[in-house]
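Below is one structure; the comments refer to it alone.
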Amino acid sequence: MNPLAAIGHVVLVLCETVGEFVLFAVQAIAGGLRGPFYPRQMLRQMLEIGYYSLPVVGLTAIFTGMVLALQSYTGFSRFEAGNAIPTIVVLSMTRELGPVLAGLMVAGRVGAAMAAELGTMRVTEQIDALTTLSTDPLRYLVFPRLLAGLLMLPLLVLVADIIGVMGGYLVSTYKLGFGPVEYINRTLQYLETQDVVSGLVKAAVFGFIVALMGCFQGYHSKGGAQGVGAATTKAVVSASILILTANYVVTELFFSR
1286 MNPLAAIGHV VLVLCETVGE FVLFAVQAIA GGLRGPFYPR QMLRQMLEIG YYSLPVVGLT
1346 AIFTGMVLAL QSYTGFSRFE AGNAIPTIVV LSMTRELGPV LAGLMVAGRV GAAMAAELGT
1406 MRVTEQIDAL TTLSTDPLRY LVFPRLLAGL LMLPLLVLVA DIIGVMGGYL VSTYKLGFGP
1466 VEYINRTLQY LETQDVVSGL VKAAVFGFIV ALMGCFQGYH SKGGAQGVGA ATTKAVVSAS
1526 ILILTANYVV TELFFSR
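1286 is the number of the first residue of the sequence shown in our numbering; add one for each residue after it.
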């Protein structure tokens, strides 16, 4: 019942967990870079993470842009600053909402699927069979997913940014009385390269986190169907928490000046 012992136990467990994550990622990346490569696996994961996630990410982005325009107009019109709505929409989407919402949506869709797939392979001993056949499971199963997450989420976020800005444009021009040319000019007036780049860097980090959490939890699942379900839940929850944490860290690196 010593409180210091309890705190120390929590710290040790946290350090052990972080160490397992880092070691797992390093082993997968090092093994994957050494080859052999599996282009069909990589292409399959890129399609799964990128192309098949477009509908949910696109719907999330367009309605976020529309709501953001409406809420901004409601608040800023009180201070006669309604002309700032295009700037607010584009900066919010490119810097924060696009990467974070896309990361969370992909974590719920793809992270859970990765954990369930690898977890099922683990409990049915398919991963052990790969090892028996002299195929490195980390190289064959994990590395393509990490690479696909790292590459495809920035593309998803770029599309989400465009769709979100389009949602704000539609609401502003058809409901709030903005002129189309005026809205576009004000959107581009204060948008800088750093705003877009910071969002894409965040997306790459989030994609790697989603793939890493899904693969780690699924790869180490145990206990049959119940263990696979627990691994799926842990993958989504841990990826979501790490996305929000990494969001602050990357924002601090880009905009701390």
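Beta carbons are placed, not taken as given, at the ideal position from N, Cα and C, and that holds for glycine.
Helix, strand or coil at Y1468 [DSSP, three-state]: The answer is helix: DSSP assigns Y1468 an H, G or I state.
Residue ranges of each alpha helix (DSSP H) within the stretch 1350-1378, 4 or longer: Taking only runs of at least 4 residues, the alpha helix (DSSP H) segments lying wholly in the stretch 1350-1378 are 1370-1377.
Span of the alpha helix (DSSP H), counted from its first residue to its last, around F1428: First-last of the alpha helix (DSSP H) with F1428: 1428-1459.
Local Cβ density within 10 Å of L1386, reported as buried at 16 or more and exposed below that: Buried, by the Cβ-count rule.
First through last residue of the alpha helix (DSSP H) which encompasses N1532: Per DSSP, N1532 is one residue of the alpha helix (DSSP H) stretching across 1509-1540.
Backbone CA spacing between V1442 and T1417 [nearest angstrom]: If I take the Cα positions, the gap works out to 40 Å.
Where the alpha helix (DSSP H) through S1338 begins and ends: No alpha helix (DSSP H) contains S1338, which DSSP labels as neither H nor E.
Where L1431 falls, given that 16 or more other Cβ within 10 Å makes a residue buried: Taking all protein chains in view, the Cβ of L1431 is crowded by 16 or more other Cβ atoms within 10 Å, so the residue is classified as buried.
Touching by the beta-carbon criterion (3+ pairs, under 8 Å), the stretch 1509-1518 and the stretch 1374-1390: As far as the Cβ criterion goes, the stretch 1509-1518 does not touch the stretch 1374-1390, which means the pair count is below three.
Selected residue, minimal CA-CA separation from D1421, among L1299, Y1323, A1401: Nearest of L1299, Y1323, A1401 to D1421, Cα basis: Y1323.
Exposure of S1457, with buried meaning 16 or more beta-carbon neighbours within 10 Å: Flag for S1457 reads buried.
From L1355, T1359, F1539, residue whose alpha carbon lies closest to that of V1543: The structure shown does not extend to residue 1543, since the chain is modelled only from 1286 to 1542, so the question has no answer here.
R1380 vs G1484 beta-carbon contact at 8 Å: The answer is yes: Cβ separation under 8 Å.
Burial state of F1472, where buried means 16 or more other Cβ atoms lie within 10 Å: One point to set straight first is that residue 1472 is Thr, not Phe, in the sequence displayed. By the neighbour-count rule (16 or more Cβ atoms within 10 Å), T1472 is buried.
Expected contact under 8 Å - CB spacing of G1492 and M1437 to nearest Å: The pair is a contact, with the Cβ atoms about 6 Å apart (cut-off 8 Å).
N-terminal and C-terminal residue of the alpha helix (DSSP H) that H1294 is part of: It spans 1288-1319 - the alpha helix (DSSP H) in which H1294 sits, taken as one unbroken run.
G1335 vs L1403 beta-carbon contact at 8 Å: Taking 8 Å as the Cβ cut-off, G1335 and L1403 do not qualify as a contacting pair.
Cβ-Cβ separation, M1378 to V1450 (assumed contact under 8 Å), whole Å: About 6 Å separates the beta carbon of V1450 from that of M1378, a gap short enough to meet the 8 Å contact definition.
Own chain, CB closer than 6 Å to Y1504, minus 5 neighbours either side, in chain order: Within the same chain, Y1504 has close Cβ partners L1403.
Local Cβ density within 10 Å of I1526, reported as buried at 16 or more and exposed below that: Counting Cβ neighbours within 10 Å, I1526 comes out exposed, since fewer than 16 surround it.
Range of the contiguous alpha helix (DSSP H) that encloses G1396: Counting along the chain, G1396 falls outside any alpha helix (DSSP H), and DSSP gives it neither H nor E.
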